[in-house]
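What follows is a single structure, written as structure tokens, with notes after it.
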Amino acid sequence: MTKLELPDMLPRGSQLKVMVDSIANPIRVVLVDSRTLVRAGFSALLERFPSISIVGALGSVEEALKLLPTKHPDIILFNPNSANGLGLEAIPKLVAGSPRSRLVLIASSANPELYEQAVGFGAMGVVHESQSTEILVKAIEKVNCGEVWLDRATVATLLGKMTHRHNHGEELDPEARKIARLGAREREIIALAGKGLRNKEIGERLSISEVTVRHHFTTIFSKLEVEDRLELLIFAYRHRLAELPQ
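Per my numbering, the sequence shown runs over residues 178 to 423.
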């Protein structure tokens, strides 16, 4: 008979608190996709997850802009190829229409240039439509926590190009003063983030909690005067605090 290891199956401590919090305070999501059946399908799939609450499923950007101020979503889930002719250029409108929301793009193309444009317009995450619902939910949860969600190959391509552009005509001295503020642990965390590791993976690698990793990132953002993880990675690749993933 197989022994049942109950302790390993049950959440405890902070894990249980996170689970309770996610049920009591689910992530509020507005979905923008012109296809009625696709909207219904996405809504049904995502509502299966206790951490997600669909507060709006709309067929156009115009409808979304009217609803956003009343629904206050945490996440806007947007398919640019189906928004009644509006593509990526609709992203800034959606972001401006709900400044406290974060936008996740559902992409039908695997083109890194499209991802670069999307991030430039204000998207915080990109998920290809062929990926699983579990991946989409994970992306929503991570972006809701302030992280950027891009696959590693796209990060390498995107940030490599952005690094090249930013290098022209800029001096290192002002930035070197910022870098000098970093401690050894903070440099370790930046290097691991540059390899594409998520907060949980960084914590496991350094034997610290995921909460501690988040606190370190807050301090790093302040010291380097960057706004988010994407800006941090651009800075790190430019100044060789991290190596581009292969």
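For every residue, glycine included, the Cβ atom is placed at its ideal position computed from N, Cα and C.
Here the structure is a predicted model, which is why all the values come from computation and not from measurement.
| query | result |
| --- | --- |
| Would you identify the three-state DSSP class for L349, choosing helix, strand or coil? | Caution is warranted here: a pLDDT of 47 is assigned to L349, below 50, making its placement in the model unreliable, and no coordinate value can be reported. |
| Taking only runs that begin and end inside the region 371-423, name each unbroken alpha helix (DSSP H) of 4 or more residues, in chain order. | 376-383, 387-401 and 406-415 |
| Does DSSP put G264 in a helix, a strand or coil? | coil |
| Where does K243 land, buried or exposed, given buried means 16+ other C-beta within 10 angstroms? | exposed |
| Using a 10 Å radius around the Cβ and a threshold of 16 neighbouring Cβ atoms, would you call L208 buried or exposed? | buried |
| Could you check if V390 is buried or exposed, using at least 16 other CB atoms within 10 Å of its CB as the buried criterion? | buried |
| Let me confirm a value: G297 is counted as buried when at least 16 other C-beta atoms fall within 10 Å, else exposed. Which label applies? | exposed |
| Is it buried or exposed for K377, if we count other Cβ within 10 angstroms and need 16 for buried? | exposed |
| Let me make sure I understand the geometry here. Which of Q308, A316, L214 and S307 has the alpha-carbon closest to that of L280? | A316 |
| So within the region 286-323, which uninterrupted beta strand (DSSP E) runs reach at least 3 residues, ignoring any that extend past its ends? | 300-305 |
| Alpha carbon to alpha carbon, what distance is there between V320 and W326? | 6 Å |
| Among all the DSSP beta bridges, which residues are the ones paired with L235? | V209 |
| Reducing DSSP to helix, strand and coil, say where S230 ends up. | strand |
| Return the CA-CA distance between G302 and E365, expressed in angstroms with no decimal places. | 24 Å |
| Span of the beta strand (DSSP E) holding V281? | R279 to A284 |
| Could you compute how far the alpha carbon of E318 sits from the alpha carbon of P250? | 13 Å |
| E124: buried (16+ other C-beta within 10 angstroms of its C-beta) or exposed? | The first residue shown for the chain is 178 and the last is 423, placing residue 124 beyond what the model contains. |
| With 16 as the cutoff for other CB atoms within 10 Å, does V388 come out buried or exposed? | exposed |
| Determine the DSSP secondary structure at L271, reduced to helix, strand or coil. | helix |
| Can you tell me the Cα-Cα spacing of S211 and I283, whole angstroms? | 13 Å |
| Can you tell me which residues form a DSSP beta bridge with I252? | V206 and R279 |
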